[in-house]
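Quick note: the sequence shown, position 231, residue 231 per the UniProt record's numbering, numbers continuous.
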Amino acid sequence: MLYLDENGLVRLGGRLEFCNLPIDEKHPLILPKNSWLTTLIVRREHNKVMHGGTASTLAQVRSNYWIPKGRQLVKKVLRNCFICRKYLAKPIDQLTSPLPSDRINPTPAFSVCGLDFAGPLYVNNFGQLQKSYIVLFTCGVTRALHLELVSDMTTNSFLLAFRSILSQSVVQNFIAKERIFWKNIIERSPWWGGFYERLVRSVKESLHKILRKALLSYEEITTILTEIEAVLNLRPLSYVYEESDELRLLTPMLFLNFGQNQSTYPVTFAEILENASKKSSLLKRKKYQQLLLKQLWHRWKKQYLLYLQTAHSVKNPEIYPELKVGDVVLIEENTKNKLL
(Lines of atoms letter the chains of each structure in order from A and count residues from 1; the text may use other names and numbers.)
(Lines give C-alpha, C1' and ligand atoms only; values in the text may rest on other atoms or scores of the structure.)
Protein backbone atom coordinates (compact mmCIF):
# COMPACT_ATOMS: atom_id res chain seq x y z
CA MET A 1 0.00 0.00 0.00
CA LEU A 2 1.37 3.38 -1.01
CA TYR A 3 0.47 6.84 0.24
CA LEU A 4 1.58 10.49 -0.08
CA ASP A 5 3.10 12.16 2.98
CA GLU A 6 2.76 15.84 3.89
CA ASN A 7 5.63 16.72 1.54
CA GLY A 8 4.05 14.98 -1.44
CA LEU A 9 6.52 12.08 -1.39
CA VAL A 10 5.39 8.54 -2.09
CA ARG A 11 5.98 6.20 0.83
CA LEU A 12 5.39 2.52 1.50
CA GLY A 13 2.57 1.80 3.88
CA GLY A 14 2.19 -1.25 6.04
CA ARG A 15 1.28 -2.50 9.49
CA LEU A 16 4.03 -0.71 11.44
CA GLU A 17 2.09 2.51 11.96
CA PHE A 18 2.26 2.34 15.77
CA CYS A 19 5.88 1.16 15.94
CA ASN A 20 8.45 3.43 17.63
CA LEU A 21 10.79 3.24 14.64
CA PRO A 22 11.64 6.41 12.69
CA ILE A 23 9.27 7.30 9.87
CA ASP A 24 11.90 6.47 7.21
CA GLU A 25 12.18 2.91 8.52
CA LYS A 26 8.46 2.32 9.09
CA HIS A 27 7.41 3.86 5.80
CA PRO A 28 10.45 4.18 3.51
CA LEU A 29 10.40 6.39 0.45
CA ILE A 30 9.64 4.72 -2.87
CA LEU A 31 12.42 5.13 -5.43
CA PRO A 32 12.05 4.24 -9.12
CA LYS A 33 14.26 1.37 -10.17
CA ASN A 34 15.50 2.88 -13.43
CA SER A 35 16.40 6.31 -12.05
CA TRP A 36 20.03 7.48 -12.04
CA LEU A 37 19.38 9.07 -8.64
CA THR A 38 18.42 5.66 -7.28
CA THR A 39 21.69 4.19 -8.56
CA LEU A 40 23.67 6.96 -6.85
CA ILE A 41 21.82 6.34 -3.58
CA VAL A 42 22.59 2.61 -3.75
CA ARG A 43 26.27 3.43 -4.38
CA ARG A 44 26.31 5.72 -1.33
CA GLU A 45 24.73 3.08 0.90
CA HIS A 46 27.16 0.50 -0.47
CA ASN A 47 30.07 2.71 0.60
CA LYS A 48 28.53 3.13 4.06
CA VAL A 49 28.65 -0.62 4.68
CA MET A 50 32.34 -0.74 3.69
CA HIS A 51 31.65 -2.31 0.30
CA GLY A 52 29.70 -5.17 1.84
CA GLY A 53 27.82 -7.78 -0.10
CA THR A 54 24.37 -7.78 -1.60
CA ALA A 55 22.54 -8.54 1.66
CA SER A 56 24.34 -5.84 3.66
CA THR A 57 23.87 -3.17 1.00
CA LEU A 58 20.20 -4.03 0.48
CA ALA A 59 19.51 -3.90 4.22
CA GLN A 60 21.17 -0.48 4.43
CA VAL A 61 19.12 0.82 1.50
CA ARG A 62 15.83 -0.44 2.96
CA SER A 63 16.45 1.39 6.22
CA ASN A 64 15.42 4.59 4.38
CA TYR A 65 14.18 3.66 0.91
CA TRP A 66 12.17 1.01 -0.87
CA ILE A 67 13.12 0.09 -4.45
CA PRO A 68 10.98 -2.29 -6.53
CA LYS A 69 13.13 -5.28 -7.38
CA GLY A 70 15.84 -3.70 -5.28
CA ARG A 71 17.98 -6.82 -5.02
CA GLN A 72 18.48 -6.88 -8.78
CA LEU A 73 19.56 -3.23 -8.78
CA VAL A 74 21.94 -3.77 -5.86
CA LYS A 75 23.58 -6.69 -7.65
CA LYS A 76 23.97 -4.56 -10.77
CA VAL A 77 25.59 -1.74 -8.80
CA LEU A 78 27.95 -4.14 -7.04
CA ARG A 79 28.99 -5.67 -10.36
CA ASN A 80 30.04 -2.21 -11.53
CA CYS A 81 31.81 -1.25 -8.30
CA PHE A 82 35.48 -0.83 -9.18
CA ILE A 83 36.79 -1.65 -5.69
CA CYS A 84 34.67 -4.80 -5.35
CA ARG A 85 35.60 -5.97 -8.84
CA LYS A 86 39.27 -5.48 -8.02
CA TYR A 87 39.24 -7.64 -4.89
CA LEU A 88 36.67 -10.22 -5.98
CA ALA A 89 37.80 -10.64 -9.57
CA LYS A 90 38.33 -14.18 -10.82
CA PRO A 91 40.69 -15.28 -13.60
CA ILE A 92 39.02 -15.01 -16.97
CA ASP A 93 37.79 -18.24 -18.49
CA GLN A 94 38.83 -18.98 -22.01
CA LEU A 95 37.68 -21.62 -24.43
CA THR A 96 40.01 -24.60 -24.42
CA SER A 97 42.18 -24.82 -27.49
CA PRO A 98 42.37 -27.96 -29.66
CA LEU A 99 44.68 -30.69 -28.39
CA PRO A 100 48.07 -30.83 -30.12
CA SER A 101 48.49 -33.47 -32.80
CA ASP A 102 51.20 -35.32 -30.87
CA ARG A 103 48.65 -36.19 -28.14
CA ILE A 104 45.82 -37.51 -30.29
CA ASN A 105 47.65 -39.71 -32.79
CA PRO A 106 48.71 -43.29 -31.96
CA THR A 107 52.41 -43.54 -31.10
CA PRO A 108 54.43 -45.94 -28.92
CA ALA A 109 54.46 -45.33 -25.19
CA PHE A 110 56.63 -42.38 -24.06
CA SER A 111 57.21 -41.22 -27.63
CA VAL A 112 55.51 -37.99 -26.52
CA CYS A 113 56.68 -37.49 -22.96
CA GLY A 114 55.94 -34.80 -20.38
CA LEU A 115 58.58 -34.16 -17.73
CA ASP A 116 58.26 -32.48 -14.36
CA PHE A 117 59.79 -32.40 -10.89
CA ALA A 118 57.75 -32.76 -7.70
CA GLY A 119 58.77 -32.32 -4.11
CA PRO A 120 60.67 -31.99 -1.98
CA LEU A 121 60.26 -35.19 0.00
CA TYR A 122 62.15 -35.53 3.26
CA VAL A 123 63.96 -38.83 3.80
CA ASN A 124 65.79 -40.29 6.76
CA ASN A 125 69.42 -40.64 5.71
CA PHE A 126 71.13 -42.41 8.64
CA GLY A 127 69.40 -40.20 11.17
CA GLN A 128 69.74 -36.99 9.17
CA LEU A 129 66.90 -35.18 7.41
CA GLN A 130 67.59 -34.91 3.70
CA LYS A 131 65.59 -33.56 0.77
CA SER A 132 64.72 -35.65 -2.26
CA TYR A 133 62.67 -35.03 -5.39
CA ILE A 134 60.49 -37.00 -7.79
CA VAL A 135 61.13 -36.93 -11.53
CA LEU A 136 57.86 -37.66 -13.30
CA PHE A 137 57.71 -38.91 -16.89
CA THR A 138 54.22 -38.99 -18.43
CA CYS A 139 53.25 -40.30 -21.85
CA GLY A 140 51.02 -37.79 -23.60
CA VAL A 141 49.25 -40.44 -25.69
CA THR A 142 48.85 -43.55 -23.54
CA ARG A 143 48.96 -41.61 -20.22
CA ALA A 144 51.52 -44.05 -18.85
CA LEU A 145 53.65 -42.93 -15.93
CA HIS A 146 57.22 -43.50 -14.77
CA LEU A 147 58.63 -42.17 -11.48
CA GLU A 148 62.24 -41.74 -10.38
CA LEU A 149 63.49 -40.53 -7.01
CA VAL A 150 66.55 -38.25 -7.06
CA SER A 151 68.51 -36.58 -4.29
CA ASP A 152 68.50 -33.10 -5.86
CA MET A 153 67.43 -31.15 -8.94
CA THR A 154 70.85 -30.88 -10.54
CA THR A 155 71.56 -31.71 -14.16
CA ASN A 156 73.52 -34.81 -13.22
CA SER A 157 70.66 -36.25 -11.15
CA PHE A 158 68.19 -35.57 -13.93
CA LEU A 159 70.38 -37.25 -16.55
CA LEU A 160 70.63 -40.37 -14.40
CA ALA A 161 66.83 -40.46 -14.07
CA PHE A 162 66.49 -39.78 -17.79
CA ARG A 163 68.67 -42.77 -18.60
CA SER A 164 66.20 -45.03 -16.79
CA ILE A 165 63.36 -44.07 -19.15
CA LEU A 166 65.69 -44.37 -22.14
CA SER A 167 66.53 -47.95 -21.19
CA GLN A 168 63.05 -49.12 -22.20
CA SER A 169 63.14 -50.88 -25.54
CA VAL A 170 60.15 -49.02 -26.99
CA VAL A 171 61.72 -45.65 -26.23
CA GLN A 172 65.10 -46.77 -27.54
CA ASN A 173 63.62 -47.80 -30.87
CA PHE A 174 61.73 -44.54 -31.23
CA ILE A 175 64.70 -42.33 -30.34
CA ALA A 176 66.93 -44.25 -32.74
CA LYS A 177 64.58 -43.23 -35.56
CA GLU A 178 63.24 -39.82 -34.53
CA ARG A 179 65.70 -38.51 -31.93
CA ILE A 180 64.70 -36.12 -29.13
CA PHE A 181 62.97 -32.80 -29.67
CA TRP A 182 62.53 -30.64 -26.55
CA LYS A 183 59.61 -28.24 -25.99
CA ASN A 184 59.65 -25.92 -22.97
CA ILE A 185 56.53 -24.33 -21.50
CA ILE A 186 56.26 -20.68 -20.48
CA GLU A 187 57.24 -19.76 -16.93
CA ARG A 188 54.35 -19.75 -14.43
CA SER A 189 52.04 -21.40 -16.96
CA PRO A 190 51.47 -24.92 -15.60
CA TRP A 191 48.32 -25.37 -17.70
CA TRP A 192 50.59 -25.66 -20.73
CA GLY A 193 51.65 -29.02 -19.33
CA GLY A 194 48.30 -30.02 -17.93
CA PHE A 195 48.52 -33.67 -19.00
CA TYR A 196 51.47 -34.29 -16.67
CA GLU A 197 50.57 -31.72 -14.00
CA ARG A 198 47.37 -33.72 -13.40
CA LEU A 199 49.42 -36.83 -12.67
CA VAL A 200 51.70 -34.84 -10.37
CA ARG A 201 48.58 -34.17 -8.32
CA SER A 202 47.65 -37.87 -8.32
CA VAL A 203 51.12 -38.84 -7.12
CA LYS A 204 51.06 -36.21 -4.36
CA GLU A 205 47.62 -37.32 -3.19
CA SER A 206 48.77 -40.92 -2.95
CA LEU A 207 51.91 -39.93 -1.05
CA HIS A 208 49.98 -37.77 1.42
CA LYS A 209 47.52 -40.59 2.14
CA ILE A 210 50.23 -43.23 2.52
CA LEU A 211 53.07 -41.38 4.22
CA ARG A 212 51.18 -38.79 6.23
CA LYS A 213 53.84 -37.70 8.76
CA ALA A 214 56.05 -40.78 8.48
CA LEU A 215 59.77 -40.25 7.86
CA LEU A 216 61.11 -43.07 5.68
CA SER A 217 64.46 -43.97 4.24
CA TYR A 218 65.49 -43.39 0.63
CA GLU A 219 64.96 -47.05 -0.26
CA GLU A 220 61.52 -47.18 1.38
CA ILE A 221 60.26 -44.14 -0.53
CA THR A 222 61.67 -45.58 -3.76
CA THR A 223 59.65 -48.74 -3.17
CA ILE A 224 56.48 -46.76 -2.43
CA LEU A 225 56.93 -44.70 -5.61
CA THR A 226 57.27 -47.92 -7.61
CA GLU A 227 54.00 -49.18 -6.14
CA ILE A 228 52.25 -45.86 -6.84
CA GLU A 229 53.52 -46.00 -10.42
CA ALA A 230 52.07 -49.48 -10.87
CA VAL A 231 48.70 -48.48 -9.42
CA LEU A 232 48.39 -45.33 -11.55
CA ASN A 233 49.35 -47.26 -14.67
CA LEU A 234 46.39 -49.57 -13.97
CA ARG A 235 43.86 -46.74 -13.71
CA PRO A 236 41.09 -46.72 -16.35
CA LEU A 237 41.50 -44.11 -19.08
CA SER A 238 37.77 -43.66 -19.66
CA TYR A 239 34.52 -43.78 -17.75
CA VAL A 240 33.77 -47.17 -16.18
CA TYR A 241 30.16 -48.13 -16.87
CA GLU A 242 28.22 -50.48 -14.63
CA GLU A 243 27.37 -52.68 -17.60
CA SER A 244 30.24 -53.17 -20.02
CA ASP A 245 31.04 -55.88 -22.53
CA GLU A 246 34.79 -55.27 -22.19
CA LEU A 247 36.54 -57.99 -20.20
CA ARG A 248 39.55 -55.76 -19.54
CA LEU A 249 39.54 -52.03 -18.91
CA LEU A 250 41.59 -49.71 -21.09
CA THR A 251 44.59 -48.76 -18.95
CA PRO A 252 48.08 -47.38 -19.64
CA MET A 253 49.54 -50.74 -18.61
CA LEU A 254 48.06 -52.38 -21.71
CA PHE A 255 50.22 -50.16 -23.90
CA LEU A 256 53.35 -50.88 -21.89
CA ASN A 257 53.31 -54.69 -22.06
CA PHE A 258 50.05 -55.63 -23.83
CA GLY A 259 48.54 -56.65 -20.50
CA GLN A 260 49.75 -58.63 -17.53
CA ASN A 261 48.67 -62.01 -18.88
CA GLN A 262 51.26 -62.95 -21.50
CA SER A 263 49.27 -66.03 -22.48
CA THR A 264 46.56 -63.72 -23.79
CA TYR A 265 48.97 -61.43 -25.65
CA PRO A 266 52.04 -63.43 -26.78
CA VAL A 267 54.69 -60.84 -27.58
CA THR A 268 57.97 -62.46 -26.55
CA PHE A 269 60.13 -64.09 -29.20
CA ALA A 270 60.52 -67.27 -27.15
CA GLU A 271 56.76 -67.72 -26.90
CA ILE A 272 56.34 -67.08 -30.61
CA LEU A 273 58.82 -69.89 -31.38
CA GLU A 274 57.08 -72.21 -28.94
CA ASN A 275 53.62 -71.55 -30.32
CA ALA A 276 54.73 -71.53 -33.96
CA SER A 277 55.24 -75.28 -34.14
CA LYS A 278 51.92 -75.97 -32.42
CA LYS A 279 49.44 -73.50 -33.85
CA SER A 280 50.61 -71.60 -36.88
CA SER A 281 53.59 -70.23 -38.68
CA LEU A 282 55.68 -67.30 -37.53
CA LEU A 283 54.09 -65.09 -40.15
CA LYS A 284 50.59 -65.81 -38.86
CA ARG A 285 51.72 -65.16 -35.29
CA LYS A 286 53.16 -61.83 -36.37
CA LYS A 287 49.89 -60.90 -38.08
CA TYR A 288 48.05 -61.96 -34.94
CA GLN A 289 50.15 -59.57 -32.85
CA GLN A 290 49.52 -56.75 -35.27
CA LEU A 291 45.79 -57.46 -35.10
CA LEU A 292 45.85 -57.29 -31.30
CA LEU A 293 47.73 -54.02 -31.41
CA LYS A 294 45.29 -52.62 -33.95
CA GLN A 295 42.35 -53.61 -31.76
CA LEU A 296 44.01 -51.98 -28.76
CA TRP A 297 44.46 -48.67 -30.57
CA HIS A 298 40.88 -48.95 -31.84
CA ARG A 299 39.68 -49.11 -28.24
CA TRP A 300 41.93 -46.16 -27.43
CA LYS A 301 40.25 -44.09 -30.13
CA LYS A 302 36.68 -45.13 -29.27
CA GLN A 303 36.92 -44.95 -25.49
CA TYR A 304 39.67 -42.49 -24.57
CA LEU A 305 39.93 -40.12 -27.54
CA LEU A 306 36.19 -39.58 -27.83
CA TYR A 307 36.05 -39.06 -24.07
CA LEU A 308 38.52 -36.18 -24.45
CA GLN A 309 36.20 -34.67 -27.03
CA THR A 310 33.39 -34.25 -24.48
CA ALA A 311 35.33 -34.00 -21.20
CA HIS A 312 35.89 -30.23 -21.47
CA SER A 313 33.13 -29.27 -23.88
CA VAL A 314 31.40 -25.92 -23.37
CA LYS A 315 27.62 -25.67 -23.62
CA ASN A 316 27.49 -21.89 -24.17
CA PRO A 317 30.74 -20.73 -25.78
CA GLU A 318 29.33 -17.23 -26.35
CA ILE A 319 29.50 -16.45 -22.61
CA TYR A 320 33.29 -16.70 -22.60
CA PRO A 321 34.73 -13.23 -23.29
CA GLU A 322 37.68 -12.83 -25.58
CA LEU A 323 40.53 -10.61 -24.44
CA LYS A 324 41.34 -7.76 -26.79
CA VAL A 325 44.28 -5.40 -27.06
CA GLY A 326 43.68 -2.49 -24.69
CA ASP A 327 41.62 -4.39 -22.08
CA VAL A 328 42.50 -3.61 -18.46
CA VAL A 329 43.18 -6.83 -16.54
CA LEU A 330 44.51 -7.92 -13.16
CA ILE A 331 47.55 -10.17 -13.04
CA GLU A 332 47.33 -12.93 -10.44
CA GLU A 333 50.54 -13.56 -8.52
CA ASN A 334 51.52 -16.74 -6.70
CA THR A 335 52.42 -14.81 -3.55
CA LYS A 336 50.17 -12.17 -2.02
CA ASN A 337 51.32 -9.46 0.38
CA LYS A 338 49.76 -9.50 3.83
CA LEU A 339 47.33 -6.68 4.56
CA LEU A 340 48.57 -6.08 8.11
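All residues carry an ideal CB built from backbone N, CA and C; glycine is no exception.
**Start-to-end residues for the alpha helix (DSSP H) that takes in residue 203** = 194-211
**Asked** For the alpha helix (DSSP H) that residue 70 lies in, which residues bound it at each end?
**Response** 70-79
**Item:** Closest Cα partner of residue 73 within the set 55, 297, 83, 85
**Value:** 55
**Prompt:** How big is the Cα-Cα spacing for residue 71 and residue 303?
**Reply:** 47 Å
**Asked** Which partner residues does residue 152 have in the DSSP bridge list?
**Response** Partner(s): none; residue 152 has no beta bridge.
**Message:** For residue 101, report the span of its alpha helix (DSSP H) as first-last.
**Reply:** 101-104
**Request:** Grab the span of the beta strand (DSSP E) containing residue 136 for me, first residue to last.
**Result:** 128-139
**Prompt:** So who's on the other strand from residue 115, going by DSSP bridges?
**Reply:** 137
**Request:** Measure the Cβ-Cβ separation of residue 180 and residue 137 and say whether it is below 8 Å.
**Result:** no
**Request:** Keeping to the same chain, check which residues put their C-beta closer than 6 Å to that of residue 215; ignore five residues upstream and five downstream.
**Result:** 124
**Asked** Which residues does DSSP pair with residue 46 in a beta bridge?
**Response** Per DSSP, none; premise fails for residue 46.
**Asked** Under a three-way DSSP split, which group does residue 298 fall into?
**Response** helix
**Message:** Can you find the residues in the same chain that come closer than 8 Å, C-beta to C-beta, to residue 236, ignoring five residues on each side of it along the sequence?
**Reply:** 249, 250, 251
**Where residue 60 falls, given that 16 or more other Cβ within 10 Å makes a residue buried** = buried
**Prompt:** For residue 328, does the three-state DSSP call read helix, strand or coil?
**Reply:** coil
**Asked** Buried or exposed: residue 83, going by 16 or more other Cβ atoms within 10 Å of its Cβ?
**Response** exposed
**Request:** Would you mind stating whether residue 116 and residue 193 have Cβ atoms separated by less than 8 Å?
**Result:** yes
**Message:** Contact defined as beta carbons within less than 8 Å: I believe residue 255 pairs with residue 118. What is the distance between those atoms, to the nearest angstrom?
**Reply:** Rounded, the Cβ-Cβ distance is 23 Å, inconsistent with contact.
**C-alpha distance - residue 12 paired with residue 62, whole-angstrom precision** = 11 Å
**Message:** Does residue 239 come out as helix, strand or coil in the three-state DSSP assignment?
**Reply:** coil
**Run of the beta strand (DSSP E) containing residue 341, from where it starts to where it stops** = Outside the displayed span of the chain (1 to 340) sits residue 341, for which this structure offers no information.
**Prompt:** Are the beta-carbon atoms belonging to residue 107 and residue 77 less than 8 Å from one another?
**Reply:** no
**Asked** With burial defined as no fewer than 16 other Cβ atoms inside 10 Å of the residue's Cβ, what is the status of residue 134: buried or exposed?
**Response** buried
**Asked** I think residue 307 touches residue 238, with their Cβ atoms under 8 Å apart; what is that distance to the nearest whole Å?
**Response** 5 Å
**Item:** Identified DSSP bridge partners for residue 283
**Value:** DSSP lists no partner for residue 283.
**Prompt:** Roughly how many angstroms lie between the CA atoms of residue 111 and residue 120, to the nearest whole one?
**Reply:** 27 Å
**Prompt:** Beta carbon of residue 41, beta carbon of residue 10: below 8 Å?
**Reply:** no
**Message:** Out of 142, 129, 97, which one is the CA nearest neighbour of residue 300?
**Reply:** 142
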